[in-house]
Amino acid sequence: MGTDTLTLTGWALAALAVLLAWPAPVLLSHARWPRRSPAAAMILWQAIGLAGGLSMIGSMLTWGLAPLGDNILSALERLVRIVFFNAPVDGLGFWHVFALSAAALLGAHLVFTLVLTYLRIRRQRSRHRELLLLLSSPAAEPGTVVISHSAPVAYCLPGGARSVTVLSDGLLELLKPEELKAVLTHENTHLLQRHHLLLWAFAAWKSALPWLPTSKLAQRSVNELIEMLADDAALRVVEEPVLIRSIALVGAGTEKEFHHTELANVELAEPASPEDSSERITTARLDRLIHPRPPLSTLGRSAVLALSLLLLAAPTALLLVPAL
């Protein structure tokens, strides 16, 4: 009976993993409503990622443990006795060992990639910060520096207390005071809301599972959503036409000119693929502002949050309830 229960749990988790690996992210990436409420969409993307990873590992784990006990806890207890105390391996076949090994390897791979991505990004940002010390000068605004370049450049470099917003001479000459205010608010919002942590997590996810549709679509969508979240913050301090002009002016020059400078050879954040280009994101941001639509209703946002909680609860319940 226990074997049947764990086997059925494994199949249920596998079905959920497949759902969250392909149809769900494809549908969400093509939906229009995330632009109306980017914060709710961001939560849903995180839920899809966490639930999908837990379902993949959980399905292989339960398949492998099926012959070892009546539930997850008893099966894990027996597995520990087998591994560390040479207990008998009755009923544990080749495919069960394979499933257990795959679950362990996948879990270790995800954690290792997360740590490796963090170290790589930290190293890149450290080098970038050293270059800024040599090539920039302080700006009038606190926590802001200016680099000498004709292209309109604006970005933020996270680093806790050492976080800094970087502007170029070309940007300062091109933008009016209100437009500059919009740009600074946008960049400071990235730092205040810790958007770099989201980028780190989704970049690691894509590095770990580059073949998975979820990881590619999620990173592309999250890159776009965090820009829209920062735009919403800017709209609270400037008028919409001002923000539109600032986005258009900055986007027109950054992609074509800045990437030839020595400073730009250091990755500003997480590496982006062609479909994650600044040009594509700029176009989406402008389209959202030029053709505004009302945000989701309270009921709509509540439904998205409820769905996110359900996605996280489903694999957890499938793993834990049979053990009770």
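Under the UniProt record's numbering, the first residue of the sequence shown carries the number 1, and numbering increases by one thereafter.
Here a beta-carbon is modelled for each residue, glycine too, at the ideal position from N, C-alpha and C.
Q.
According to DSSP, residue 147 sits in a beta bridge with which residue or residues?
A. 136 and 168
contact_flag[the region 75-89, the region 41-56] where n(CB pairs < 8 Å) is 3 or more
no
With contact counted as at least three CB pairs below 8 Å, one residue from each stretch, are the region 184-197 and the region 160-169 in contact? yes
message: Just verifying my parser: in three-state terms, what is the DSSP assignment at residue 154?
response: strand
Query raised in the report: Under a Cβ-count criterion, where at least 16 other Cβ atoms within 10 Å of its own Cβ denotes burial, should residue 140 be classed as buried or exposed?
Result: exposed
- Message: I need the boundaries of the alpha helix (DSSP H) containing residue 302, first residue and last residue.
- Response: 298-320
Please work out which residues of its chain come closer than 8 Å, Cβ to Cβ, to residue 288, disregarding the five sequence neighbours upstream and downstream, and give them in chain order. 35, 228 and 231
_With the cut-off set at 7 Å, would you say residue 154 and residue 171 are in Cβ contact?_
yes
Checklist entry - Alpha carbon to alpha carbon, how far is residue 110 from residue 26? => result 22 Å
>> Check this for me: beta carbons of residue 7 and residue 75, under 7 Å apart or not?
In response: no
Legend entry - Length at least 4, wholly inside the region 30-82: the alpha helix (DSSP H) runs in chain order: 38-65
Is the CB-CB distance between residue 56 and residue 99 below 7 Å?
no
If you draw a straight line from the alpha carbon of residue 142 to that of residue 281, how long is it in whole angstroms?
28 Å
What's the gap between the Cα of residue 173 and the Cα of residue 148? 11 Å
* Does the distance from the C-beta atom of residue 238 to that of residue 279 stay below 7 Å? -> no
Could you tell me the distance, in whole angstroms, from the CA atom of residue 283 to the CA atom of residue 245? 13 Å
### Task
Taking residue 58 and residue 312 to be in contact with their CB atoms under 8 Å, please state how far apart those CB atoms are, rounded to whole angstroms.
Wrong, their Cβ atoms sit about 12 Å apart, outside the cutoff.
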